[in-house]
Amino acid sequence: MQDVINILGVALLWVGIVFSALGVLGLYRLPDVYCRLHASGKISTMGLFGILVGAALLMPATALKVLALAVFVIITSPVSTHAIAMAAYRSGVPQRRAVRDDLGGHFVPLGVEQE
């Protein structure tokens, strides 16, 4: 049984490493800040989650701490990514031309006084 847990732990570590590597590649390849935020979100959720769950399986003595950290990351990562995206949008960071702006007219850009 321990062999199965070790294999599963190593497999989850590799899944986390692959997601992190693809996310870093996306940070370099994607055109604007909004697409890059999507890639960084994958790094912090899927990549780190796979690494943390794999570590919890491989090190049972610290499993509770590692799983608590994984839950914390899963909760806070989307919130922080959304906050960064809204700050970039309100600051007027340009988007790609192919993007439809669903928020257009709903938010006042920073530095503009509201009537």
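If you use my numbering, the sequence shown closes out at 1313, no skipped numbers anywhere. A virtual CB, placed ideally from N, CA and C, is assigned to each residue, including glycine. Bear in mind the structure is a predicted one, so any value in this text is a computation, not a measurement.
7 Å Cβ cutoff met for residue i and residue j
i: V1264; j: L1250; result: yes
i: G1207; j: G1248; result: no
i: G1245; j: T1279; result: no
i: L1223; j: R1234; result: no
i: L1255; j: I1203; result: yes
i: A1237; j: G1221; result: yes
Alpha-carbon spacing of residue i relative to residue j, whole angstroms
i: S1275; j: R1288; result: 20 Å
i: V1213; j: A1286; result: 30 Å
i: P1258; j: M1199; result: 14 Å
i: R1294; j: L1228; result: 10 Å
i: V1277; j: I1205; result: 33 Å
i: D1201; j: I1273; result: 31 Å
Terminal residues of the alpha helix (DSSP H) in which residue i lies
i: Q1293; result: Careful: Q1293 lies outside any alpha helix (DSSP H) and carries neither H nor E.
i: G1207; result: 1200-1227
i: S1238; result: 1231-1240
Residue i burial status per 10 Å Cβ neighbour count (16 or more: buried)
i: A1219; result: exposed
i: A1268; result: buried
i: F1270; result: exposed
i: I1241; result: buried
Reduced DSSP secondary structure (H/G/I, E/B, other) of residue i
i: M1257; result: coil
Min CB distance residue i to chain B below 7 Å
i: L1211; result: Annotation note: the requested chain B is absent from the structure, which comprises a single protein chain.
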